[in-house]
Amino acid sequence: MNTTYLPSDFLPIVVQFGLAAGFIVLTMIVTHRIGPSRKSKMKDDPFECGIEVKGDARTPISVKYFLVAILFVLFDVEVIFMYPWAVNFQNLGMLGFIEMLVFMALLLSGFYYIIRKGVLEWEQ
Amino acid sequence: MSPTLSLFYFLSFLTVLSALMVVFARSPIHSVLYLILTFFCLSGHYILLNAQFLAAVNIIVYAGAIMVLFLFVIMFLNMKKEDEESKTNLTKVAAVIVAGTLGVILVGAFRKSQVGTYNPYAHDSQVGMVESLGHMLFREYLLPFELISILFLVAMTGAIMLGKREVGERHF
Amino acid sequence: MYPIVLLSVLGIVVLFLGFMKSKSVLLPATLLFLVLALASNFIDWNQGKVLYFYEMLAVNNLTLAFNAIVLVSAFMIVAMTRGFQDQEEAQPAEYYGIMLFSLVGAFMIIGYEHLIMLFVGIEILSVSMYILTGSDKSNLRSNEAALKYFLMGAFATGIMLFGIALLYGATGSFNLTDIQSYVSIQGRGVSYILYAGLLLLLIGMLFKVSAAPFHFWTPDVYDGAPTIFTTFMSTIVKTAGFAAIFRLLSHSFTPIYSFWWITLAAITVLTLLVGNIIAVYQNSFKRMLAYSSISHAGYLLIAVTSLSPQTENAILFYSLAYSIATISAFGVLMLVSKKKALEGQVDESYAAFNGLAAQNPLLAFVLAVSMLSLAGIPLTAGFWGKFFVFGSAVERGLVWMLVVAVLMSAVGIYYYFRAIIAAYLKEGDIGKIRIAPFYRIILVVATAMTILFGLAPGIFEKLL
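Residue numbers (numbering that gives the first Met the number 0), protein chains in the order written: chain U, 0 to 123; chain D, 0 to 171; chain Y, 0 to 463.
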C-alpha cells in the first residue's frame with residue numbers, strides 16, 4: 000500500500016473534474032446550437048400544471064427548515080471529528096476512546112435536549 | 000516555473016477573482032455561488048499543501064452545509080426591494096481609506112520580512128495527513144477539542160431558543 | 000481548570016432541569032453551581048504556576064483571582080434575575096445554561112496558554128452573548144441589537160483569527176511561552192509579520208472589550224439587550240477580556256513594548272475621550288451606562304498600556320470595583336424601569352429616577368454609591384481603582400495620559416451626578432418599590448463591598 004501521499008497523486012481527480020466540467024459545458028453548448036430556438040411570450044412562461052402562474056416564487060418559508068439545517072451542520076461537524084479519531088483508533092488506545100466518549104456524551108446530551116424540546120416534530 | 004508553482008498562481012488568481020466577485024455580484028444568489036467557487040479554490044490550496052483531509056472537510060462543511068444555510072437566509076429575506084443605495088459616499092471613502100491602509104501595512108510587512116525558509120530534506124511531506132492530524136487533535140489539543148463541544152451546545156441551545164416558535168405563533 | 004470542567008457539565012444539568020415541571024428549582028440550582036465552581040476554583044490556590052492539558056491552560060493566583068471576580072459577578076447577576084418569574088415568555092433554563100457555558104469561555108480566555116484556547120474561549124463567550132442579546136424575541140430592538148452584535152463580532156473574530164495566523168507564521172508556535180522566547184531572542188529584529196499579527200489580534204480583542212474606535216456596536220447592543228444581560232455583558236465580558244489582553248501583552252510581548260505602547264496609548268486616549276464626552280449627551284440612563292462602560296475600558300487600558308509591576312493589581316482591583324458598581328446601578332435601574340413598565344411606560348431615562356429617594360431611600364442610596372464609585376469619588380472602591388491605575392501610569396511616566404484621564408474623570412462626574420440629582424433633588428412620583436428579599440441582600444452586599452473597599456483597599460491586597 001502506498002503510505003506517502005503527495006499533491007501530485009490528485010492528478011487523476013483533477014483530470015476527472017476537468018472531464019466532468021468539460022462534458023457539461025460541451026453538452027450545454029451543443030444542445031443550444033443544434034436545436035431550433037423559438038421564443039414567444041407563451042413559450043417562455045413558467046409552466047405550472049396547466050394553471051396560470053400566480054404570485055412569486057419567493058414566498059417566506061417556515062423557520063423549521065432552517066432550524067433543521069443548523070442542527071444538521073452542527074452534527075455534521077461533530078461526525079467529521081470522528082474521522083481522524085477512527086483512523087488513529089488503535090494508536091490512541093483507551094485514552095482516545097474515553098476522549099471521544101466524553102465528546103459524544105456532551106453532544107448527544109444536546110441531541111436529547113433537541114428531541115425533548117420537540118424541535119424535530121414537524122406537526123406542531 | 001515548476002508546474003506546482005504555476006498551479007499555485009493559477010489557483011490564487013482564481014481564488015482572489017471569485018472572492019472579489021462575491022463582493023461585486025449584484026444578486027445575492029450569485030454571491031453565494033461565487034463563494035462556493037472560492038471554497039473549491041481554497042480546497043485546491045489545501046491539496047497543494049498536502050492536507051487532503053482539510054480539503055475534503057472544507058468542501059463537505061463549507062461548500063456543502065454552510066452554503067445551504069446562506070441560501071436559506073437569502074430565501075428568508077425579502078430581496079425584492081431595490082434599496083441598495085443606502086451607503087453614503089462618505090462611508091465608501093472611509094471604507095476605501097481604512098481598507099487601503101490595512102492593505103499597505105500588510106503588503107509592507109510581507110515584503111520586509113522573510114518567512115518560512117523551506118528545507119526539502121528535513122521537511123516531512125506527510126505532516127498534513129489525517130493520521131498526524133488525529134494525533135495532534137487527540138493528544139496536545141485535547142482540551143480545546145472537548146471544549147468545542149461546549150461551543151456546539153451553546154449554538155444548539157441558542158438556535159432552538161431563538162428559532163423555535165411557541166405554540167400559537169406564526170411559523171414564518 | 001476545575002471550574003471549566005465543572006461548569007461545562009453543570010451547564011448541561013441546568014438545561015435538563017428546565018424539563019422539570021417546576022421552574023422554581025432553576026435559580027437555586029444555578030446559584031449552588033456557581034458557588035461550587037467558586038469553591039473548586041481555589042483548589043489550585045497558591046500552587047504557583049500550573050500548566051494543564053499539554054500546556055493549554057495556565058493557572059496561577061492571578062488567573063484564579065480573575066476567575067473569582069467573574070464568578071462573584073455572575074452570582075450577583077444570576078441572583079438578580081429572580082428566576083425570570085415575571086416574564087411569561089422567558090426560558091430560564093436556557094438563559095442560565097448559556098450563562099454558565101459563557102463562563103467557561105471566560106475562564107478559557109483568562110487562563111489561556113495557547114492561542115487556540117483564546118480563540119475557542121472568545122467564540123464561546125461571544126456566541127453566548129449574541130444569543131442572550133436577542134433573547135427578548137418579541138422586542139424588535141433586541142433582535143436588531145443581536146444581529147448587529149453578531150455581524151460586527153463575526154468580523155472582529157475574523158480579524159483576530161487572521162492576526163493569530165500571522166503570529167504563527169512569524170514565530171512558528173501558538174504557545175504564549177514559545178512566542179515569548181522568540182520575541183525575547185529576536186528583540187526588535189522580529190519579523191514584521193509579527194507586528195502585523197499582533198496589531199490585528201489586539202484589534203479583535205479590543206473590539207470585544209469595546210475600546211474606541213471599535214466601540215460603535217456598544218451603545219446599540221447594550222441598549223437593545225434585556226437589562227439583565229447588559230449587566231452580564233458589561234461586567235463579565237469586560238473583566239475576562241482585559242484579563243486576556245493583559246495576559247497576552249505581559250506574558251509574550253514585553254520585549255517589544257516600545258512597538259505597541261504607542262498604538263495602545265492612542266487607542267486609550269481615544270477611548271477615554273469618546274466614552275466620556277458622548278456619555279454627557281445621553282438622555283437614557285442605560286445608554287449612558289453603555290458609554291460609561293466604554294470610558295472604563297479606557298481607564299483599564301491605561302493600566303495595560305503602562306504595564307508596570309503594579310498593573311496586574313490595578314486591573315484586578317479596577318475590574319472588581321467596576322463590576323460591583325455596574326451591577327448595583329443596573330440592579331436599581333431594573334427595579335425602577337419595571338415599576339414604570341407596570342404603570343404602562345417604558346422608561347430608562349434619567350427622569351425615571353426622579354424623586355426616587357422620597358419613598359425608596361435604600362434604592363436611592365445604592366444608586367448614589369454606585370454612581371460615586373463609577374465616578375471615582377473618594378471613600379468608594381472606584382476611587383482606589385482609579386488611584387491604582389493612575390499609579391501604574393505614573394510609574395511608567397505617562398503623565399500626559401494621566402492629564403487626559405483626570406480631565407475625563409471630571410467630565411464623568413457630570414453625567415454620573417445627574418442620576419444622583421434626579422434621585423434626590425428632583426420631584427417625581429415613584430411609589431414604593433417592592434424589593435424581593437434576596438435582591439435586597441445582593442444590592443446591600445454590593446454597596447457594602449463598594450464602601451468597604453473604598454475605606455480599606457488594603458483588605459483586597461492582603462487576600463492576594
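Beta carbons: idealized from backbone N, C-alpha and C, even for Gly.
In this text the structure is predicted, and so the values were computed from the model without any measurement.
Subject >> Test: K195 of chain Y CB closer than 7 Å to a CB of chain D >> reply: Residue identity check: residue 195 of chain Y is Ala in the sequence provided, not Lys. Output row for A195 of chain Y: interface = yes.
**OP:** May I have the straight-line CA-CA distance separating G10 of chain Y from A104 of chain U, to the nearest angstrom?
**Re:** A straight-line Cα-Cα distance of about 14 Å links G10 of chain Y and A104 of chain U.
Original post:
What residues in the region 91 to 107 of chain U bring their beta carbon closer than 7 Å to a beta carbon of chain D?
Top reply: Contact annotation: in the region 91 to 107 of chain U, residues whose CB is within less than 7 Å of a CB in chain D are L91, G95, E98, V101, F102, L105 and L106.
Original post:
Rounded to a whole number of angstroms, what is the C-alpha to C-alpha distance between A350 of chain Y and A421 of chain Y?
Top reply: Cα atoms of A350 of chain Y and A421 of chain Y: separation of roughly 7 Å, rounded to the nearest angstrom.
Subject >> Nearest candidate by alpha-carbon position, reference L378 of chain Y, set Y:Y414, Y:D346, Y:T325 and Y:A320 >> reply: Between L378 of chain Y and the set Y:Y414, Y:D346, Y:T325 and Y:A320, the nearest pair of CA atoms involves Y:A320.
Original post:
CB F52 of chain D to CB V126 of chain D, shorter than 7 Å?
Top reply: No. Outside cutoff.
**OP:** Tell me the start and end of each unbroken alpha helix (DSSP H) in the region 260 to 340 of chain Y that is at least 4 residues and wholly inside, in chain order.
**Re:** Those alpha helix (DSSP H) runs which fall completely within the region 260 to 340 of chain Y and span 4+ residues are 284 to 305.
**OP:** Kindly indicate if chain C contains any beta-carbon less than 7 Å away from that of Y53 of chain Y.
**Re:** You won't find chain C in this structure, because its protein chains are U, D and Y.
**OP:** Enumerate in chain order the residues of its own chain whose CB-to-CB distance from Y129 of chain Y is below 7 Å, with the five nearest sequence positions on each side excluded.
**Re:** Same-chain partners within the cutoff: A145, Y148, F149 and G152.
Original post:
Taking C-beta to C-beta, are I46 of chain D and P6 of chain U nearer than 7 Å?
Top reply: In this structure, P6 of chain U lies closer than 7 Å to I46 of chain D by Cβ.
Subject >> Whether A18 of chain D touches T37 of chain D by CB criterion (7 Å) >> reply: The Cβ-Cβ distance between A18 of chain D and T37 of chain D falls below 7 Å.
Subject >> N174 of chain Y - DSSP class collapsed to helix/strand/coil >> reply: Three-state result, N174 of chain Y: strand.
Original post:
Which residues mark the beginning and the end of the alpha helix (DSSP H) in which A57 of chain Y is found?
Top reply: For A57 of chain Y, no alpha helix (DSSP H) run applies; the uninterrupted beta strand (DSSP E) run containing it begins and ends at L56 to V58, by DSSP.
Subject >> DSSP three-state assignment for I50 of chain U, whether helix, strand or coil >> reply: I50 of chain U: strand per DSSP, three-state reduction.
Original post:
Using 8 Å as the threshold, is the region 113 to 120 of chain Y in touch with the region 157 to 174 of chain Y, meaning 3 or more CB pairs across them?
Top reply: Proximity of the region 113 to 120 of chain Y to the region 157 to 174 of chain Y meets the contact definition, three or more beta-carbon pairs being nearer than 8 Å.
Original post:
Using a Cβ-Cβ distance under 7 Å, would Y112 of chain U count as near chain Y?
Top reply: The beta carbon of Y112 of chain U sits closer than 7 Å to some beta carbon of chain Y.
Subject >> Interface residues of chain D facing K116 of chain U [CB-CB closer than 7 Å] >> reply: Near K116 of chain U (Cβ distances below 7 Å), the residues of chain D are I159 and K163.
Subject >> Selected residue, minimal CA-CA separation from Y51 of chain Y, among Y:I440, Y:I3 and Y:W216 >> reply: Of Y:I440, Y:I3 and Y:W216, the smallest CA-CA separation from Y51 of chain Y is found for Y:I3.
Subject >> For Y1 of chain Y, the first and last residue of its enclosing alpha helix (DSSP H) >> reply: Annotation: the continuous alpha helix (DSSP H) that includes Y1 of chain Y extends over Y1 to L16.
**OP:** Under 8 Å by Cβ, that's how I've got L131 of chain Y and I108 of chain Y pegged, so tell me the actual separation to the nearest angstrom.
**Re:** At roughly 17 Å, the Cβ-Cβ gap does not stay under 8 Å, so L131 of chain Y and I108 of chain Y are not in contact.
Original post:
What does a CB cutoff of less than 7 Å around A392 of chain Y pick up in its chain, not counting 5 residues either side in sequence?
Top reply: Once the five neighbours on either side are set aside, the close Cβ partners of A392 of chain Y are I301, S305, M400 and L401.
Original post:
Quick one: does M20 of chain D have its CB under 7 Å from some CB of chain U?
Top reply: So no, M20 of chain D is outside the interface.
**OP:** Could you list which residues in chain U have their beta carbon closer than 9 Å to that of F15 of chain Y, in chain order?
**Re:** Listed by position along chain U, the residues whose Cβ is nearer than 9 Å to that of F15 of chain Y are S108, Y111, Y112 and R115.
Subject >> CA nearest to the CA of K431 of chain Y, picked from Y:A363, Y:Y413, Y:G457 and Y:I184 >> reply: For K431 of chain Y, the nearest C-alpha among the options comes from Y:A363.
Subject >> Three CB pairs or more closer than 8 Å across the region 134 to 142 of chain Y and the region 222 to 240 of chain Y >> reply: Verdict: yes, contact present.
**OP:** At 3 residues or longer, and completely inside the region 190 to 246 of chain Y: list those beta strand (DSSP E) runs for me, N to C.
**Re:** As for any beta strand (DSSP E) of minimum length 3 sitting wholly inside the region 190 to 246 of chain Y, there is none.
Original post:
Taking 7 Å as the CB-CB limit, is L18 of chain Y close to chain U?
Top reply: The displayed chain sequence assigns Phe, not Leu, to residue 18 of chain Y. It does: the Cβ of F18 of chain Y has a partner Cβ on chain U nearer than 7 Å.
Original post:
In or out: A409 of chain Y buried (at least 16 other Cβ within 10 Å) or exposed?
Top reply: In this structure A409 of chain Y is exposed. Its beta-carbon is surrounded by fewer than 16 other beta-carbon atoms within 10 angstroms.
**OP:** Could you tell me which chain U residues have their CB closer than 7 Å to the CB of S148 of chain D, listed as they occur along the chain?
**Re:** Chain U residues near S148 of chain D: F102, L105 and L106.
Original post:
Terminal residues of the continuous alpha helix (DSSP H) containing Y64 of chain U?
Top reply: Segment V62 to V86, the alpha helix (DSSP H) holding Y64 of chain U.
Subject >> According to DSSP, residues forming a beta bridge with H44 of chain D >> reply: For H44 of chain D, which the question treats as bridged, DSSP gives no partner whatsoever.
**OP:** Return helix, strand or coil for V464 of chain Y, following the three-state DSSP convention.
**Re:** Lying before the first or after the last residue shown, residue 464 of chain Y is absent from chain Y, which here runs from 0 to 463.
Subject >> Neighbour list for K207 of chain Y in chain D, Cβ cutoff strictly below 8 Å >> reply: Residues of chain D passing the Cβ test: none, with the nearest at roughly 16 Å.
Original post:
Does DSSP classify Y349 of chain Y as helix, strand or coil?
Top reply: Collapsing the DSSP output to three states places Y349 of chain Y in a helix.
Original post:
Buried or exposed: where does I113 of chain U fall if 16 or more other Cβ atoms within 10 Å of its Cβ makes it buried?
Top reply: Buried.
**OP:** With S408 of chain Y as the anchor, note down where its alpha helix (DSSP H) starts and where it stops.
**Re:** Segment V398 to Y423, the alpha helix (DSSP H) holding S408 of chain Y.
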